[in-house]
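Numbering-wise (this note's numbering), the sequence shown opens with residue 3 and increments by one.
Every residue gets a Cβ at the ideal spot worked out from N, C-alpha and C, and that includes glycine.
Working notes, structure below.
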Amino acid sequence: MKVPFYSTRYVNDQVKTLMYKAFDEVMESQYFTGGEQVEKFEKDFQTYIGSSNFITCANGTDALEIILRTWDIQAGDEVILPALSCQATLEPLLLLGAIPVFCDVLSQGLCIDPVEVEQKITSKTKAIIAVHLHGNWSDMKSLVSLANKYNVKLLEDCAQAHGLKFEDKHAGTWGDAGAFSFYPTKNLGALGEAGGMVFKDKLEGERARRLRNHGQKSKDVHIEVGRNSRMDTLQAAFLSVKLEFLDDWNFQRSQLAAYYRENLIGKVKFYSGTTTVWHQFVIGVSDREKVQEYLKEKGIGIAVHYPYLLPDFIGSEEFFPISAEAVKSMISLPLYPGLTTDEQEYVIKSLLGK
Ligand SMILES: Cc1ncc(COP(=O)(O)O)c(C=O)c1O
């Protein structure tokens, strides 16, 4: 049997007819950037997450960068972020010349440790980035109170956390802003690149909307240097269709995760948090290379999120014990709507060497 690490086929097949209809509507309108469908998706997603300032953009990396630019983060400003995340969380800081200040993560959920965040706040700190890694909830209550106490901005990287909420309040609406990616393999994925930003403050939202469209206030009135990071009309139309299914797909993820947990408990380390939308199912094994090789021979796809720490990229030698342990032992198992029980059984049996 072959079990791919990821497949978008099931979710996309489920909505195929609706997607063709959405495609026809866009073709009919002949709007390929902006237009009715983009406005509709902005409204739909706003209603879904319970916020009033959601702005689409071209991808999740741009979302992070535009949010930081909206807050005037610039060279020399310090921004606190977890040592463990994907490159895209760090890149916008480096592009702006800001100084990344890394913190370790908590072993349950692998999200930033608020106690360490407080220790690293200085007079130069301008923002904190919380990443809801693998779909796990960052401790936003503690982070919001730190951001208020020290008067710094709080950005939630929600690229892996569509539909995640705590006490009925969605990820992205706890901090001052949230960045979303709708990359095809995310819990809510487009059929190409797409992203979005949500702001607590209306004026900040308006500025971000300008920045993602050449700094234009209105047609041909450019009041600052922006860029082109608009969402394609087609992607917006597809995302509105898929948003209707997100809760159901997240539920399927949770069922699959429960099955893995039931069968693997006591045999591998679990890295998931208690509140999660299961973007990844991440376990820790002591002999990762061997396990990887063995599962590959068995035709099972796995991934490592991530194989290096962000401080490594900038040549920092600072030590982060929990992140360091995770980075050498983590593997992500196949988990996506459409994964069958037979496939999951095969992964479990193979992993346990039966
Ligand atoms: C945590 C995190 N942040 C940011 C991004 C960037 O999103 P995009 O690929 O849409 O630019 C990703 C996507 O992989 C991500 O996983």
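*What do you get for V28, buried or exposed, if any count of 16 or more other CB atoms within 10 angstroms of its CB means buried?*
Counting the other Cβ atoms within 10 Å of the Cβ of V28 gives 16 or more, which makes it buried.
*Between L20 and E67, which are expected to be in contact by the criterion C-beta below 8 Å, what is the C-beta distance as a whole number of angstroms?*
In fact, because the Cβ distance is near 32 Å, the residues do not count as touching under 8 Å.
*CB-CB length for L241 against F43, believed under 8 Å*: For a cut-off of 8 Å, the C-beta gap from L241 to F43 is around 5 Å, short enough to register as a contact.
*asked:* For D249, which residues in the same chain have their Cβ closer than 7 Å to its Cβ, ignoring the five residues on either side in sequence?
replied: Close CB contacts of D249 within its chain, under the 7 Å cut and outside five residues either way in sequence, are with G165 (chain order).
*According to the neighbour-count rule (16 or more other Cβ atoms, all chains shown, within 10 Å of its Cβ), is Y22 buried or exposed?*
Around the beta-carbon of Y22, fewer than 16 other beta-carbon atoms lie within 10 Å, marking it exposed.
*Mind listing, in chain order, the continuous beta strand (DSSP E) runs of no fewer than 3 residues lying wholly within the region 270–356?*
Within the region 270–356, the complete beta strand (DSSP E) segments of 3 residues or longer fall at 283–286 and 332–335, listed in chain order.
*asked:* What I want to know is whether the C-beta of S242 ends up closer than 6 Å to one or more non-hydrogen atoms of ligand 2.
replied: Among the ligands modelled here, namely ligand 1, ligand 2 does not occur.
*Please indicate yes or no: does the CB of Y185 lie closer than 6 Å to some heavy atom of ligand 1?*
Because some heavy atom of ligand 1 lies under 6 Å away, the Cβ of Y185 counts as near it: yes.
*What are the uninterrupted segments assigned as beta strand (DSSP E) that are 3 or more residues long and contained completely in the region 158–200, given in chain order?*
Taking 3 residues as the minimum length, the beta strand (DSSP E) runs contained wholly in the region 158–200 are 179–183, in order along the chain.
*CB-CB under 8 Å to I57, same chain, minus the five flanking residues each way: which ones, in chain order?*
Cβ neighbours of I57 beyond the five flanking positions: E44, G198, M199, V200, F201, G207, A210, R211 and R214.
*asked:* Using C-beta distances below 7 Å, list every residue in its chain close to W251, excluding the 5 sequence neighbours before and after it, in chain order.
replied: Around W251: V13, N189 and P339.
*Does any CB atom of chain B fall closer than 7 Å to the CB of V154?*
Among the chains in the structure shown there is no chain B, since it carries only a single protein chain.
*Could you give the distance in angstroms between the alpha-carbon of S9 and the alpha-carbon of D74?*
One C-alpha to the other measures close to 39 Å.
*Look at the alpha carbon of A149 and the alpha carbon of K155, and state the distance between them as a whole number of angstroms.*
Answer to the nearest angstrom: the Cα atoms are 6 Å apart.
_Within 10 Å of its beta-carbon, does D234 have 16 or more other beta-carbons around it, so buried, or fewer, so exposed?_
In the assembly as shown, D234 is a buried residue. Its beta-carbon has 16 or more other beta-carbons within 10 Å.
*asked:* Is it the case that the region 114–134 contacts the region 162–176, given that we only count it when at least three CB pairs across the two stretches are under 8 Å?
replied: Taking 8 Å as the limit for Cβ pairs, the verdict is that the region 114–134 does touch the region 162–176.
*asked:* Going by C-alpha to C-alpha distance, which of Q282, N153 and Y50 sits closest to A260?
replied: Residue Q282 is the option with its Cα nearest to A260.
*Note the first and the last residue of the continuous beta strand (DSSP E) segment covering K2.*
As displayed, the chain neither begins before 3 nor continues past 356, which places residue 2 out of reach and without an answer.
*Taking 6 Å as the line, does the beta carbon of T19 fall inside it for any heavy atom of ligand 1?*
Between ligand 1 and T19, a heavy atom-to-CB distance of less than 6 Å is absent.
*Compare the Cα-Cα distances from I123 to each of P102, C113 and F184 and report the closest residue.*
Of the candidates P102, C113 and F184, P102 places its Cα closest to the Cα of I123.
*Report yes if the CB atom of I82 is closer than 7 Å to the CB atom of V119, and no otherwise.*
The Cβ atoms of I82 and V119 lie closer than 7 Å to each other.
*Output yes or no for whether 7 Å exceeds the beta carbon distance between G62 and A161.*
Their beta carbons are under 7 Å apart, which means G62 touches A161 by this criterion.
*Measure the beta-carbon distance from L157 to I69 and round it to whole angstroms, keeping in mind my assumption that it falls under 8 Å.*
Confirmed, Cβ separation roughly 6 Å.
*Between the C-alpha atoms of Q323 and S53, what's the straight-line distance to the nearest angstrom?*
In the sequence under discussion, the amino acid at residue 323 is Pro, which differs from the Gln named in the question. Between P323 and S53, the C-alpha separation is close to 37 Å.
*Where do the ends of the alpha helix (DSSP H) carrying F47 lie?*
Where F47 is concerned, the enclosing alpha helix (DSSP H) stretches over E38 to I51.
*Assuming L245 contacts F47 under a Cβ cut-off of 8 Å, what Cβ separation, rounded to an integer in Å, is found between them?*
Going by Cβ atoms, the distance from L245 to F47 rounds to 7 Å, so yes, they are a contact pair.
*asked:* Nearer than 6 Å: is that true of the beta carbon of V133 relative to any heavy atom of ligand 1?
replied: In this structure, V133 has its CB closer than 6 Å to one or more heavy atoms of ligand 1.
*Going by DSSP, which residues form a beta bridge with H136?*
H136 is not bridged to any residue.
*Between Q237 and G355, what straight-line distance do the alpha-carbon atoms span, to the nearest angstrom?*
Their Cα atoms are separated by approximately 42 Å.
*Please report how far the alpha carbon of E291 lies from the alpha carbon of S334, in whole angstroms.*
Looking at the two C-alpha atoms, the distance is approximately 13 Å.
*Mapping DSSP to helix, strand and coil, what is E206?*
If DSSP states are grouped into helix, strand and coil, E206 belongs with the helices.
*Keeping to the same chain, check which residues put their C-beta closer than 6 Å to that of A77; ignore five residues upstream and five downstream.*
The beta carbon of A77 is closer than 6 Å to those of G99 in its chain, skipping five residues each way along the sequence.
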